[in-house]
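Residue numbers (our numbering): 10 to 163.
Right, dumping it as structure tokens:
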């Protein structure tokens, strides 16, 4: 579902028929988690620039859920704090129209001697609340271990 949402978002700024999914079931493994990833690409329409693409695809559907607009409204209603950098876009705009962006999920902010981070989990029709909660604790332990300089590989 999220891949389809991303195809739709990218389709708003790409030439008709050029949006495609590459390697839709790739697995990226990290110290604490495994992510199922897909690459979605397309050829931009002539009048579209990097900022137009950013506006079309962020926030990412893997962060908001679907339907995107309603999901963002629910997030605003239910979450007690603003996400700030967490789940935002980090990247660069280069010369010649090149750019690259990622969604900030395993991130921390440091202000003075205070370190902050946020974690979350995906909720789908067959989610089990306790399992999702445990997943967020697991992700948080990985970030906390970095601060405490502990080894927490899978």
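We put the beta carbon where it would ideally sit given N, CA and C, even for glycine.
Can you check which of these residues, the options, is closest to residue i by C-alpha distance?
| i | options | result |
| --- | --- | --- |
| residue 93 | 118, 146, 82 and 83 | 118 |
| residue 54 | 20, 112 and 150 | 20 |
| residue 39 | 148, 131 and 158 | 148 |
| residue 110 | 79, 69, 141 and 27 | 69 |
| residue 132 | 22, 71, 17 and 96 | 71 |
| residue 152 | 41, 11, 137 and 123 | 41 |
| residue 155 | 142, 137, 139 and 125 | 125 |
| residue 17 | 43, 44 and 65 | 65 |
| residue 29 | 142, 77 and 13 | 13 |
| residue 127 | 88, 103, 44 and 10 | 88 |
| residue 56 | 23, 78, 83 and 84 | 23 |
So residue i and residue j are in contact, right, with Cβ under 8 Å, and what is the actual spacing, rounded?
| i | j | result |
| --- | --- | --- |
| residue 32 | residue 47 | 7 Å |
| residue 27 | residue 51 | 4 Å |
| residue 35 | residue 63 | Going by Cβ atoms, the distance from residue 35 to residue 63 rounds to 23 Å, so no, they are not a contact pair. |
| residue 100 | residue 108 | 6 Å |
Look up residue i in the DSSP assignment and give the residues it is bridged to.
| i | result |
| --- | --- |
| residue 36 | 45 |
| residue 92 | Looking at the DSSP assignment, residue 92 forms no beta bridge with any residue, so it has no partner. |
Considering only their Cβ atoms, is the gap separating residue j from residue i smaller than 8 Å?
| i | j | result |
| --- | --- | --- |
| residue 73 | residue 81 | yes |
| residue 116 | residue 129 | no |
| residue 95 | residue 75 | no |
Distance cutoff 8 Å, beta carbons only. Does residue i sit that close to anything in chain D?
| i | result |
| --- | --- |
| residue 111 | Of the protein chains in the structure, only one exists, and it is not chain D. |
query: Residue ranges of each beta strand (DSSP E) run of no fewer than 3 residues wholly in the stretch 96 to 149, ordered along the chain?
result: Within the stretch 96 to 149, the complete beta strand (DSSP E) runs of at least 3 residues are 98 to 102, 108 to 112, 117 to 120 and 123 to 126.
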